[in-house]
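Asker:
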Amino acid sequence: MAALSKVFDEYMRTETCQSFRMHPESCPAHCLKDIPLYLLSNFKYFAPICLLPLLVKLRHINKKKLRQTLEYYAECSLIGAAVGYTINVLICFLRYIFGRFTYYSYLYVPSLIGGCLHNITSDRVKNIFETSVFQCNIDTYLLLRSNTITRLIANSKHLQTYIFMFCSALILQGKYLYNLKGFWFLQPNNKLADFENTENAKCQLHPESSCQQHLWYGMRKYFLLGLTLDLIKTMMSKVDVTKTQSKMWGKVRNFRVRSMALLTSYIGVYRFTHCYLNRKFPHQKNLNHILSGFLSGICYSCYPQSNLFSYALVQAIFTIWNIIRINNFNSKHQVLKYLLRIPFGKILFPIGLANIVHYVCLKPEYCSPLAIAITNGVTNQYPNVIRKEVALMKQKTEF
Ligand SMILES: [Zn+2]
Ligand SMILES: [Zn+2]
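Sequential numbering from 240 applies to the sequence shown in the working numbering.
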């Protein structure tokens, strides 16, 4: 890190935005020209993220849900454009203020300031921004393998599966007991009331259907959901036209059974173990649910993807934090009350964002494809332009 910063400071001493080929026009002209481009880039980037759930739930859609989704889409895109555009303007502005680019004022500080803008949005939008940025940071730490823990986790799919199983148990339990929000791949079973389930050897999770039917309905629903997701992913995948006769055939060959296998096995193990344990041990409701959430997490081994792992880790941390907050809502302990009021998400988001922008442009080898996609989507492919020039600079300075 120190070596690159030194090389960077030396090399960038005389560079301007134009000489470093970040933009050919003057800085004010560049900033003015970019406003519609940033809006367009964000609306394009957030379209599949915000609108795809509509496609999946097409049968249950009504006017109110449609309006809410469109509002959410507009809010995500506008705040993304505001954050991206602020970073863009600050890169030029700080260059002007300091008289030159420096290692941290080049990307880190502009992103830190730009990231603070996410505070003006609703909690729902804040949540998606925070989740993605924290997820990308975890991916980067795993790729950096800078200490024994990250090295161990990054190198072992078995360890990742165990951690994913713990996360799965925690997240599903949070949703089951506290009805916590936040997207998770599985909807937990309905919570059993305390007075129920007194009869031994009878599962009361689904009074209107048998255990086999409950399992079958769940697997069928998640099979179709997974298949839809896999098909959408295939349709949106990039095809190398030089290697295939037609674009359509190339897309067909890109089809992979991923979400389908993951979701079907996840719900299958979850519902099967939950029903089985409820019949065997009807008085251990909470323990049964924790155990079925834990065991179903084994499906991670079907699809061991670092994105999935880091997402589960972020959601598990959110769940722990929310459970602590709910359980200590009426606490008389002053220090604890003060600690629980600290908005850690708001404080950590700009730092996390600055971190990934910095890494995506200067050390892309430590970034996940997700981090590269997010930063490029929000800032109209600007990191791609910067990355190319930084790579050239590294070549010239033989770094
Ligand atoms: Zn400029
Ligand atoms: Zn059952």
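All C-beta atoms, glycine included, are put in the ideal place defined by N, C-alpha and C.
With 16 as the cutoff for other CB atoms within 10 Å, does N418 come out buried or exposed?
Answerer: Looking at its Cβ environment, which holds fewer than 16 other Cβ atoms inside 10 Å, N418 is exposed.
Asker: Are L425 and L409 touching if we call contact CB-CB under 8 Å?
Answerer: No, they are not a contact pair.
Asker: Would you call the stretch 442 to 453 and the stretch 505 to 517 touching, i.e. three or more CB-CB distances under 8 Å?
Answerer: Verdict: yes, contact present.
Asker: Identify the continuous alpha helix (DSSP H) that holds V596 and give its terminal residues.
Answerer: Unbroken alpha helix (DSSP H) run through V596: 583 to 601.
Asker: If R363 and Y311 are in contact, beta carbons under 8 Å, what's the gap, nearest whole angstrom?
Answerer: Indeed, because the Cβ distance is near 6 Å, the residues count as touching under 8 Å.
Asker: In chain order, what residues place their C-beta within less than 5 Å of a heavy atom belonging to ligand 1?
Answerer: This selection yields C256, C266, C331.
Asker: I'd like to confirm something about L444: is its beta-carbon nearer than 7 Å to some heavy atom of ligand 2, or not?
Answerer: Checking every heavy atom of ligand 2 against the Cβ of L444, one is found closer than 7 Å.
Asker: Please confirm whether any heavy atom of ligand 2 lies closer than 7 Å to the CB of N517.
Answerer: True, at least one ligand heavy atom lies under 7 Å from that Cβ.
Asker: Work out the CA separation of R564 and F557 for me, nearest whole Å.
Answerer: F557 and R564: Cα-Cα distance of roughly 11 Å.
Asker: Hey, F533 and S407 are a contact pair by Cβ (cut 8 Å); roughly how many whole angstroms apart?
Answerer: Contact flag correct, Cβ pair sits at about 7 Å.
Asker: Just to check, is the beta-carbon of Y453 closer than 7 Å to a non-hydrogen atom of ligand 2?
Answerer: Looking at the sequence itself, residue 453 is His, so the reference to Tyr does not match. Yes; taking the cut-off as 7 Å, the Cβ of H453 has a heavy atom of ligand 2 nearer than that.
Asker: Taking 7 Å as the cut-off, is the beta-carbon of C355 closer than that to any non-hydrogen atom of ligand 2?
Answerer: Incorrect: C355 has no Cβ contact closer than 7 Å to ligand 2.
Asker: Starting from the C-beta of C289, find all residues in its chain whose C-beta is less than 7 Å away, skip the five residues before and the five after it, and write them out in chain order.
Answerer: Here the set comprises T308, Y311, Y312, C315.
Asker: DSSP state of W560, grouped into three classes?
Answerer: In this structure, W560 counts as helix in the three-state DSSP scheme.
Asker: So, for Y605: in the same chain, excluding its five sequence neighbours on each side, which residues have a beta-carbon less than 7 Å away from its beta-carbon?
Answerer: These residues qualify, in order along the chain: T379, L382, L383, Y598.
Asker: Who are the Cβ neighbours of M251 in its own chain at under 6 Å, not counting the five residues just before and after it?
Answerer: Closer than 6 Å at the Cβ level, and outside the excluded window around M251, lie F340.
Asker: If you run the structure through DSSP and keep just helix, strand and coil, what is Q443?
Answerer: Coil, per DSSP.
Asker: Measure the alpha-carbon distance for E628 versus S498 and round it to whole angstroms.
Answerer: Their backbone Cα atoms lie some 37 Å apart in a straight line.
Asker: Below 7 Å, is the gap between the Cβ of C514 and the nearest heavy atom of ligand 2?
Answerer: Under cutoff, so the answer is yes.
Asker: Span of the alpha helix (DSSP H) holding T473?
Answerer: From DSSP, the alpha helix (DSSP H) with T473 extends over 450 to 475.
Asker: What would DSSP say about I410, mapped onto helix, strand or coil?
Answerer: If DSSP states are grouped into helix, strand and coil, I410 belongs with the helices.
Asker: Are at least three pairs of beta-carbons, each pair with one atom in the stretch 388 to 402 and one in the stretch 538 to 545, less than 8 Å apart?
Answerer: Output reads yes: the stretch 538 to 545 touches the stretch 388 to 402.
Asker: Can you tell me where the alpha helix (DSSP H) holding T636 begins and where it ends?
Answerer: Counting along the chain, T636 falls outside any alpha helix (DSSP H), and DSSP gives it neither H nor E.
Asker: Do S549 and I352 count as a contact pair if the criterion is CB distance below 8 Å?
Answerer: Their beta carbons are not under 8 Å apart, which means I352 does not touch S549 by this criterion.
Asker: At a cut-off of 7 Å, would you count C450 as near ligand 2, judging by its Cβ distance to the nearest heavy atom?
Answerer: Flag set: Cβ of C450 near ligand 2.
Asker: What is the DSSP secondary structure of M499, reduced to helix, strand or coil?
Answerer: In this structure, M499 counts as helix in the three-state DSSP scheme.
Asker: Where does G532 sit, in a helix, a strand or coil, going by DSSP?
Answerer: Of the three classes helix, strand and coil, the one that applies to G532 here is helix, per DSSP.
Asker: From I326 to Y347, what does the alpha carbon distance come to, in whole angstroms?
Answerer: Their Cα atoms are separated by approximately 9 Å.
Asker: Thinking G421 and Q554 are a contact (beta carbons under 8 Å), I'd like their distance in whole angstroms, please.
Answerer: Right, their Cβ atoms sit about 6 Å apart.
Asker: Can you tell me the Cβ-Cβ gap for N619 and Y277, rounded? I've got them flagged as a contact below 8 Å.
Answerer: Going by Cβ atoms, the distance from N619 to Y277 rounds to 5 Å, so yes, they are a contact pair.
Asker: Quick one: what does DSSP say S361 is sitting in, helix, strand or coil?
Answerer: Note: S361 maps to coil in three-state DSSP.
Asker: Rounded to a whole number of angstroms, what is the C-alpha to C-alpha distance between S540 and S504?
Answerer: Going from the Cα of S540 to the Cα of S504 covers about 11 Å.
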